[in-house]
Structure formats: C-alpha cells, structure tokens
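Asker:
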Amino acid sequence: MPSLEVIIFFLLAAIAVGSAAGLLFSRNAVHAALFLVLNFAVVAVFFLLLGAPFIAMVQVTVYAGAIMVLFLFVIMLLGAEMLLGEDVMLPWQRPLALLLGVVFLIAMFLAIFATGYGPAYSFLNDPALKEFGSPVSIGNELFVKYLLPFELTSFLLLVAMLGAVVLTRDEKKKAA
Amino acid sequence: MLEAIPTTWFVALSAILFLIGVAGVLTRRNAILIFMSVELMLNSANLVFVAFARQFMELSGQIFVFFVMAVAAAEVAVGLALIVTIFRTKRSISMDEINQLKG
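Structure, rendered in structure tokens:
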C-alpha cells in the first residue's frame with residue numbers, strides 16, 4: 001500500500017499531464033487557456049507538497065490570477081476563440097512528431113532515473129520544517145541577500161509596462 | 001516512517017510538461033497558443049527549481065522561482081501587446097501569415 005504522499009503525487013501528476021495535453025490538443029483557444037489555468041493550479045499544489053507555501057500562493061496569484069486573465073482578455077479581444085486554419089499541411093508530420101517525442105522522452109527518462117540525489121525532506125510528514133518556505137524566511141533572503149535583483153526586477157516591470165503602453169498606442173490619433 | 005517523494009520523480013514530471021510545451025510551440029499556428037505553451041515550459045522549469053530547493057534545503061531555488069514569475073509576467077505583457085499590434089494591421093494571428101518584415 002503506497003503512502004499518502006505517493007498517491008497524491010500520482011493523482012496530481014495525472015491531472016497536470018492531462019491538462020497540458022488538453023492545452024496541446026484543444027480546438028478552442030478559451031478551452032486551452034482554461035486547461036492551462038488548471039495546470040497552474042495543480043503545480044501550485046505541487047509547490048505546497050514541496051514545502052514552498054509562499055511560492056504556491058504567488059503562483060496562484062500571479063500566474064493563474066493575472067497572466068492567464070490577461071491571456072483570456074486578449075483572446076476575447078481579438079476574437080480568436082474558434083481557431084481557423086489549424087489543418088495540417090503535411091499529414092505524416094503529426095504521427096512522426098508523436099513517435100519522435102516518445103523516443104526522446106524514453107531517452108530522457110533513462111538519463112533522469114540513472115542519477116540519484118539521496119533522501120529528501122518530506123514536508124507532509126515533518127511539520128517542524130514549516131518555516132523553510134514561509135514568507136518570513138523568503139522575505140529574509142529576498143531583502144537581504146537578493147536585494148539588487150529585487151530592485152532590478154521592479155525596473156524590469158516598469159519597462160515592460162511602458163513598452164506595452166507605447167506599443168499599443170494609436171498613431172493615427174497622434175498625427176491628427 | 002513515511003518517506004518523501006524522490007526528486008527524480010519531479011524532474012521526470014517536469015520533463016514531460018516541458019516536452020508537451022515544446023510540442024505546443026512547434027505545432028500550433030495561433031500566436032496566443034504558442035505563447036501559452038511557452039508559459040507551460042517556464043512553469044515546468046519552476047517545478048524543478050522548487051524540487052531541488054527542497055532536496056538541498058536551499059531557499060535560493062524558491063527565490064529564483066519568484067524572479068522567474070516576475071520576468072514571465074513582464075514578458076507576457078509585452079508579448080501580448082505585440083500580438084495586439086500585429087492584429088491591428090494584419091487582422092490575423094496565424095503564424096503562417098506573419099511572414100513579412102514590413103507592416
């Protein structure tokens with residue numbers, strides 16, 4: 001009888017891979033975006049399993065809550081729900097791609113499972129380690145050791161915001 | 001005593017998600033769907049970072065994930081602005097039709 005953590009891992013892994021496959025194969029852009037939201041939510045639960053509660057909450061807030069909302073907004077703005085022209089030009093391409101992908105996956109699994117990393121901490125079973133990924137310890141490292149990248153990231157976000165505004169500015173109105 | 005899930009399992013899961021993302025980037029024609037597959041790839045990398053942060057009990061892995069998410073948000077903002085601007089002139093976001101440098 002496998003332990004609870006193993007059962008949870010395989011269940012979540014199945015949902016994650018299933019939603020990623022749904023993103024890959026869906027015909028509707030909105031369905032694909034919703035599959036991706038499900039994938040992000042499952043990865044957030046993985047982060048909780050790995051002892052990273054702060055990162056899990058940031059994942060739900062930033063990725064699933066802001067980035068995917070932006071995607072859905074643009075999809076509906078451009079009216080791209082029904083995907084036209086997804087028919088394949090070369091009919092033998094898709095089965096060949098699938099076969100080569102499976103071969104590549106087998107090769108990668110051989111490499112991944114050949115290395116061992118030793119025992120790892122189980123955050124589900126050891127509640128004494130709960131300050132490892134907590135906001136206190138992340139804040140401690142972020143504002144002391146990684147202060148410079150933090151400030152540079154704020155610059156990056158400012159530049160991205162300016163870029164988005166400048167790119168979508170209407171030039172005809174400016175000339176008039 | 002219940003054991004933790006080995007880190008290799010997380011690396012394998014991340015590899016599967018990354019491959020699905022790459023397949024999405026290579027096969028899809030809609031620019032927004034290509035973008036979403038890139039986000040899936042970034043997500044799988046985040047998963048590996050946090051898995052190794054747990055393995056070596058180093059918080060730097062999680063801090064890096066924080067920065068990856070910030071950069072991904074900035075990239076999505078600018079990328080979607082570009083797609084909207086291209087759509088204004090070309091009226092299409094199919095990758096096959098965005099093949100000219102002008103316009």
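Chains as they are written, first to last, in the working numbering: chain U, 1 to 176; chain H, 1 to 103. Note that beta-carbon positions come from the ideal geometry of N, C-alpha and C, so glycine has one too.
1. Please classify A97/U: is it buried, with 16 or more other beta-carbons within 10 angstroms of its beta-carbon, or exposed?
2. Quick check on A107/U: buried or exposed, where buried means 16 or more other Cβ atoms within 10 Å of its Cβ?
3. Using a 10 Å radius around the Cβ and a threshold of 16 neighbouring Cβ atoms, would you call G79/H buried or exposed?
4. Alpha helix (DSSP H) containing T153/U: first to last residue?
5. Where does A176/U sit, in a helix, a strand or coil, going by DSSP?
6. With a 10 Å radius around its C-beta and 16 neighbouring C-beta atoms as the bar for buried, classify N30/H as buried or exposed.
7. List the residues of chain H that N141/U touches, going by C-beta distances under 7 Å, in chain order.
8. Under the three-state reduction of DSSP, which class applies to S3/U: helix, strand or coil?
9. Give me whichever residues DSSP pairs with N30/H in a beta bridge.
10. Any beta-carbon of chain U closer than 8 Å to the one on L101/H?
11. Nearest to F66/H by CA position, among L90/U, F47/U and D126/U, is which residue?
12. Residues in its own chain within less than 7 Å of F132/U by CB, not counting five upstream and five downstream?
13. Rounded to the nearest angstrom, how far is the Cβ of F9/U from that of S19/U, given a contact under 8 Å?
14. In this structure, does DSSP put N43/H in helix, strand or coil?
15. For the candidate residues I20/H, V11/H, Q55/H and E97/H, whose alpha-carbon lies nearest to that of F109/U?
16. Drop a sphere of 10 angstroms on the beta-carbon of V37/U, count the other beta-carbons inside from all chains shown, and report buried for 16 or more, exposed for fewer.
17. A77/H and A160/U: beta carbons closer than 8 Å?
18. Starting from F104/U and walking both ways along the alpha helix (DSSP H), at which residues does that stretch end?
19. Who are the Cβ neighbours of A32/U in its own chain at under 6 Å, not counting the five residues just before and after it?
20. Would the stretch 64-76 of chain U and the stretch 80-89 of chain H be scored as touching if the rule is three or more Cβ pairs under 8 Å?
21. Determine the chain H residues that contact P58/U at a beta-carbon separation under 7 Å, and present them in chain order.
22. CB-CB under 7 Å to I75/U, same chain, minus the five flanking residues each way: which ones, in chain order?
23. So, helix, strand or coil for N28/U, using DSSP?
24. Just the chain H side, please: which residues come within less than 8 Å of M1/U by C-beta, in chain order?
25. Does L142/U come out as helix, strand or coil in the three-state DSSP assignment?
26. Kindly say whether T89/H, judged by its beta-carbon, lies nearer than 8 Å to any beta-carbon of chain U.
27. When DSSP labels each residue in this structure, what does F66/H get in the three-state scheme?
Answerer: Reading from the atomic positions:
1. When all chains shown are included, A97/U counts as exposed.
2. Counting of Cβ neighbours within 10 angstroms places A107/U among the exposed residues, the total staying below 16.
3. G79/H should be labelled buried.
4. Here the alpha helix (DSSP H) through T153/U covers L147 to L167.
5. Because A176/U sits at a pLDDT of 48, beneath the cut-off of 50, its placement in the model cannot be relied upon, and the following sentence gives the value as read from the coordinates. In this structure, A176/U counts as coil in the three-state DSSP scheme.
6. Buried: at least 16 other Cβ atoms inside 10 Å.
7. The identity of residue 141/U in the sequence shown is Glu, whereas the question assumes Asn. Residues of chain H passing the Cβ test: L59 and I63.
8. In the structure shown, the three-state DSSP call for S3/U is coil.
9. DSSP lists S94/H as partners of N30/H.
10. The beta carbon of L101/H sits no closer than 8 Å to any beta carbon of chain U.
11. Across the set L90/U, F47/U and D126/U, the C-alpha of F47/U shows the shortest separation from the C-alpha of F66/H.
12. Here F132/U has G51 as same chain residues with Cβ atoms under 7 Å from its own Cβ, once five neighbours each way along the sequence are excluded.
13. Contact flag wrong, Cβ pair sits at about 16 Å.
14. The answer is helix: DSSP assigns N43/H an H, G or I state.
15. Checking every option, the nearest Cα to that of F109/U belongs to V11/H.
16. Looking at its Cβ environment, which holds 16 or more other Cβ atoms inside 10 Å, V37/U is buried.
17. Going by C-beta atoms, A77/H is nearer than 8 Å to A160/U.
18. Q93 to I112 is the span of the alpha helix (DSSP H), which, as asked, contains F104/U.
19. Cβ contact annotation for A32/U (same chain, cutoff 6 Å, sequence separation greater than five): L23 and S26, in chain order.
20. A contact exists between the stretch 64-76 of chain U and the stretch 80-89 of chain H.
21. Sequence check: residue 58/U is Val here, not Pro. Near V58/U (Cβ distances below 7 Å), the residues of chain H are F66 and M69.
22. Within the same chain, I75/U has close Cβ partners A29, V30, A33 and E81.
23. Under the three-state reduction of DSSP output, N28/U falls in the strand class.
24. Those do not exist, as M1/U stays about 11 Å from chain H at its closest Cβ, beyond 8 Å.
25. Note: L142/U maps to helix in three-state DSSP.
26. Against chain U, the CB of T89/H has no partner CB under 8 Å away; the residue lies outside that interface.
27. Looking at F66/H - three-state DSSP - the assignment turns out to be helix.
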